[in-house]
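Undergrad: Below is a structure I'd like to ask you about.
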Amino acid sequence: MNTYKVGASATTPIKLSVDVTTRGFADTRAFLTDTDLVAIGPSVGDSSNASGDIAPTIIGNAVDIAGRYLSITTHIRITGTDIVARQMEFTRIKMLYTLDNGIDGHKEFNNPDTMIDLNGDYTKIEITKDILLTSI
7 MNTYKVGASA
17 TTPIKLSVDV
27 TTRGFADTRA
37 FLTDTDLVAI
47 GPSVGDSSNA
57 SGDIAPTIIG
67 NAVDIAGRYL
77 SITTHIRITG
87 TDIVARQMEF
97 TRIKMLYTLD
107 NGIDGHKEFN
117 NPDTMIDLNG
127 DYTKIEITKD
137 ILLTSI
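The numbering used here puts the first residue of the sequence shown at 7, with every later residue one more than the last.
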């Protein structure tokens, strides 16, 4: 499990961005969760187009999100009739998760926790990342 030190400031906004590299159609959502990874409230970040990218967005002030997990899920749909080409595209998918403004400063994570071929034919991919947000 990756961690990011947000600090304990009531006025320091923590920022998230997600960059998805794929030729498929992607959608990404981020939630703050409790220790059981159950979402608390609405999403704190959403992609706005088929890129799956989340532009830099504030997910909350440090004091309010410390002790929570940031759970990010991306779904990618890869099209085409050639399974070998879809499999090749699956191997080319890259993820970059960036957190900013906390004690850890600018920190990048590029290793998803899971990357699952949901249908067994490389047409629908689910990628997840969970990051523990700590005060120190």
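A virtual CB, placed ideally from N, CA and C, is assigned to each residue, including glycine.
All figures in this text were calculated on a predicted structure; none of them were measured in a lab.
#1: Three or more beta-carbon pairs under 8 Å between the stretch 37-57 and the stretch 92-100, yes or no?
#2: DSSP state of D40, grouped into three classes?
#3: Rounded to a whole number of angstroms, what is the C-alpha to C-alpha distance between T104 and S23?
#4: Can you tell me which of G30, T120, G111, F115 puts its alpha carbon nearest to the alpha carbon of T18?
#5: What separation, rounded to the nearest whole angstrom, lies between the Cα atoms of L124 and I131?
#6: For I137, which residues of its own chain have a beta-carbon under 6 Å away from its beta-carbon, when the five flanking residues on both sides are left out?
#7: Do the stretch 56-63 and the stretch 112-121 touch if we need at least three Cβ pairs shorter than 8 Å?
#8: From T27 to A14, what distance separates their C-alpha atoms?
#9: Ordered along the chain, which non-local residues of its own chain (more than five positions away) have a Cβ less than 8 Å from that of I99?
TA: According to the structure shown:
#1: No: fewer than three Cβ pairs fall under 8 Å.
#2: Of the three classes helix, strand and coil, the one that applies to D40 here is coil, per DSSP.
#3: Roughly 5 Å separates the two Cα atoms.
#4: Of the candidates G30, T120, G111, F115, the one whose C-alpha sits nearest the C-alpha of T18 is G111.
#5: Those two C-alpha atoms are separated by around 6 Å.
#6: Same-chain partners within the cutoff: N8, Y10, L76.
#7: No: the two stretches stay apart, fewer than three of their Cβ pairs being nearer than 8 Å.
#8: Taking the straight line joining both Cα atoms gives about 33 Å.
#9: Cβ within range, chain order: V26, T27, T28, G30, I82, M121, I131, I133.
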